[in-house]
Structures are given as structure tokens and as C-alpha cells.
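See structure below.
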Amino acid sequence: ETGVTQSPTHLIKTRGQQVTLRCSSQSGHNTVSWYQQALGQGPQFIFQYYREEENGRGNFPPRFSGLQFPNYSSELNVNALELDDSALYLCASSLDLWTRTNEQFFGPGTRLTVL
Amino acid sequence: GENVGLHLPTLSVQEGDNSIINCAYSNSASDYFIWYKQESGKGPQFIIDIRSNMDKRQGQRVTVLLNKTVKHLSLQIAATQPGDSAVYFCADKGGSNYKLTFGKGTLLTVNP
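Just so you know, the protein sequences line up as chains A and B, in that order. The first sequence begins at 1240 in our numbering and counts up by one. The second sequence begins at 192 in our numbering and counts up by one.
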């Protein structure tokens, strides 16, 4: 186990609804990244948070937003859910801004199904 | 656009055989690569990494080879075991300080 936890494990929503996913980073890690993994695909980078600020963002629309709290846990919020948002959402934590030699430790993910 | 991709989507081997999983990348700025293993219902797990100033790196039962000339890397697993059955991804940090770019993955099945 990596020490990164995510909740909930599974979630079912309907199109147009809003969802909040949560991540607790590994102890001592201040950087959290979020990824979307569609079925049969590799994870796609959504954004990264470092010390409560967004540090970088992938090619996702503004309805994907996030927060990082003082304890470095994080939330991913998705508004106006679409069917294509159905995926496994992964959170990864790392120690400081991830350098080439630091690992990102992934949580088990939240499986979101949009009907 | 730039991406990291894989040659084969599936690989089936016999227990005890060696496995080779291949990956091609196109981002010329790629200078750091990681192999991840993802078991069903779990997040990706770090296996081994390699920097672009290296051609080969070995770990426990795993070896990663990097050929920068043809932008190709491979993961070799020695004496493959049933517990090695999973999806394997190569990922590229591509000069970015904040994101990994993953390929589609190869499903490795180890037959007892």
C-alpha cells in the first residue's frame, strides 16, 4: 500500500450532476496530482496542487476544478457531468514538487460512472 | 501531438519465462521514463525508472532498456511469475515538472 487514500471507492451519478472526489496524500507529501483513466487507457493528467496552489494543468475543461487543504489532502470537483466523464480517477502524491527522481505514489482510485 | 505509446496491447507468457514489454515515445524532450504496474482495482505502482543519460537500468528481476536513437524503451521481467500478471504502462515526464504522460498499457498474462 502507498499510504494514499481516496474516497469514495465507487460513485454513480447522472449527467448534469456535480461530484466531489477526495484524496489523502501520503504522510509528509505536499504535492498532489489528479489523473483520469478511461477504461482500457492510460491515465491522463488533470492537474497538480502544491502547497494549496494549482501548479500545472492538463487538457481538461474548467468544469474540472480542485482544492488542496492545509493538511495537503485534496479534492477534485467536476461540474455538469457528461457521460464521457465515466472513468477511474487517480490521485498521486509526492514529496515536494516532483523532480525527476521523486516518485509519485498513486492511490487506488475512485470509479465514477455517469448515467 | 506528442505521446507515449505501446507496440502490443497484450502479452501472454508461461510462468518462468522472461517477458519483454515495449514502448515507443515521440516527445523529443523526453528525458525521464518510468514503468508502472497496475493490478486490477489498484492504482499504478512504480516499478523502475530511467533517465535519458542511461541506456540500461536493472532492478530486482526487472531491467529497463532505453534506445534514444529510435525513441524506444522496454521492460524485461525475468522468470515471470503469476503475480506479475497486470497492465504495464510506460510513462514519460517529457521535460515537464508536473505531469506524467502515460501510454495505453500492455496487459501481461502469466500462465501457470
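Think of the CB as a built atom: it goes at the ideal place given N, C-alpha and C, for glycine as much as any other residue. Only a predicted model underlies this, so the values are computations on that prediction, with no experimental measurement involved.
Quiz item: Can you pull the DSSP bridge partners for Glu1292/A?
Solution: Taking the first residue of the first sequence as 1, we reach residue 1292/A at position 53. DSSP lists Tyr1289/A as partners of Glu1292/A.
Quiz item: Do the segment 1329-1336 of chain A and the segment 209-228 of chain B touch if we need at least three Cβ pairs shorter than 8 angstroms?
Solution: No: fewer than three Cβ pairs fall under 8 angstroms.
Quiz item: Does the distance from the CB of Gln1283/A to the CB of Ser1272/A come in under 8 angstroms?
Solution: Taking the first sequence and counting its residues from 1, the one referred to as residue 1283/A is at position 44. Taking the first sequence and counting its residues from 1, the one referred to as residue 1272/A is at position 33. No. Outside cutoff.
Quiz item: Using 8 angstroms as the limit for Cβ to Cβ distance, is Lys228/B near chain A?
Solution: Residue 228/B sits at position 37 when you count from the first residue of the second sequence. With respect to chain A, the C-beta atom of Lys228/B has no partner C-beta closer than 8 angstroms.
Quiz item: Hey, Phe237/B and Glu1342/A are a contact pair by Cβ (cut 8 angstroms); roughly how many whole angstroms apart?
Solution: Taking the first residue of the second sequence as 1, we reach residue 237/B at position 46. Taking the first residue of the first sequence as 1, we reach residue 1342/A at position 103. The pair is a contact, with the Cβ atoms about 5 angstroms apart (cut-off 8 angstroms).
Practice problem: Provide the residue(s) that pair with His263/B in DSSP beta bridges, ordered along the chain. | Solution: On the second sequence, position 72 is the one that residue 263/B refers to. DSSP output for His263/B lists Ala215/B, Asn258/B as bridge partner(s).
Self-check item: Residue interval of the beta strand (DSSP E) (run including Gly1305/A)
Solution: Against the first sequence, residue 1305/A aligns to sequence position 66. Per DSSP, the continuous beta strand (DSSP E) segment holding Gly1305/A begins and ends at 1303-1307.
Quiz item: Can the beta-carbon of Pro235/B be found less than 8 angstroms from the beta-carbon of Pro273/B?
Solution: Residue mapping note: residue 235/B aligns to position 44 of the second sequence, counting from 1. Residue mapping note: residue 273/B aligns to position 82 of the second sequence, counting from 1. With respect to Pro273/B, Pro235/B sits apart: the two C-beta atoms are not nearer than 8 angstroms.
Quiz item: For Gly1281/A versus Lys295/B, is the C-beta spacing smaller than 8 angstroms?
Solution: Counting from 1 along the first sequence, the entry for residue 1281/A is found at position 42. Counting from 1 along the second sequence, the entry for residue 295/B is found at position 104. Going by C-beta atoms, Gly1281/A is nearer than 8 angstroms to Lys295/B.
Quiz prompt | 8 angstroms Cβ cutoff met for Asp1324/A and Leu1351/A | solution = Working through the first sequence from its first residue, we reach residue 1324/A at position 85. Working through the first sequence from its first residue, we reach residue 1351/A at position 112. Cβ distance < 8 angstroms, so Asp1324/A and Leu1351/A count as in contact.
Self-check item: Residues in the segment 215-240 of chain B having any Cβ partner in chain E nearer than 9 angstroms
Solution: Absent from the structure is chain E; the protein chains it does hold are A and B.
Practice problem: With DSSP collapsed to three states, give me the class of Leu1329/A. | Solution: Counted from its first residue, the first sequence places residue 1329/A at position 90. Strand, per DSSP.
Exercise. Could you name the residues that DSSP lists as bridge partners for Tyr289/B?
Key: As a position in the second sequence, residue 289/B is number 98, starting the count at 1. Paired residue(s): none; Tyr289/B is not in a bridge.
Quiz item: Residues of chain A with CB under 9 angstroms from Tyr289/B, in chain order?
Solution: As a working mapping, residue 289/B is identified with position 98 in the second sequence. In chain order: Thr1270, Ser1272, Phe1284, Phe1286, Gln1287, Tyr1289, Asn1294, Gly1295, Arg1296, Leu1336, Trp1337.
Quiz item: Mapping DSSP to helix, strand and coil, what is Asp208/B?
Solution: The residue labelled residue 208/B in the question sits at position 17 within the second sequence. If DSSP states are grouped into helix, strand and coil, Asp208/B belongs with coil.
Self-check item: Pairwise C-alpha distance: Gln249/B and Asp275/B
Solution: To locate residue 275/B, count along the second sequence from 1; it is residue 84. To locate residue 249/B, count along the second sequence from 1; it is residue 58. Approximately 17 angstroms between the Cα atoms of the pair.
Quiz prompt | C-alpha gap between Thr254/B and Lys1252/A, whole angstroms | solution = Counting from 1 along the second sequence, the entry for residue 254/B is found at position 63. Counting from 1 along the first sequence, the entry for residue 1252/A is found at position 13. In this structure, the CA atom of Thr254/B is about 42 angstroms from the CA atom of Lys1252/A.
Practice problem: Assign Phe1335/A to one of three DSSP states: helix, strand, or coil. | Solution: Along the first sequence, read from residue 1 onward, the residue named residue 1335/A stands at position 96. The sequence as given places Asp at residue 1335/A; Phe does not occur at that position. Residue state for Asp1335/A is assigned as coil, using DSSP reduced to three classes.
Quiz item: Could one say the Cβ of Glu1321/A lies closer than 8 angstroms to chain B's Cβ atoms, at least one of them?
Solution: By one-based count along the first sequence, residue 1321/A stands at place 82. Between Glu1321/A and chain B, the shortest Cβ-Cβ separation is not below 8 angstroms.
Quiz prompt | Span separating the alpha-carbon of Leu1278/A from that of Ile239/B | solution = Along the first sequence, read from residue 1 onward, the residue named residue 1278/A stands at position 39. Along the second sequence, read from residue 1 onward, the residue named residue 239/B stands at position 48. Taking the CA atoms as reference points, Leu1278/A sits about 24 angstroms from Ile239/B.
Exercise. Kindly say whether Gly294/B, judged by its beta-carbon, lies nearer than 8 angstroms to any beta-carbon of chain A.
Key: As a first step, residue 294/B must be located in the second sequence, where it is residue number 103. For Gly294/B, the answer is yes, since a Cβ of chain A falls inside 8 angstroms of its Cβ.
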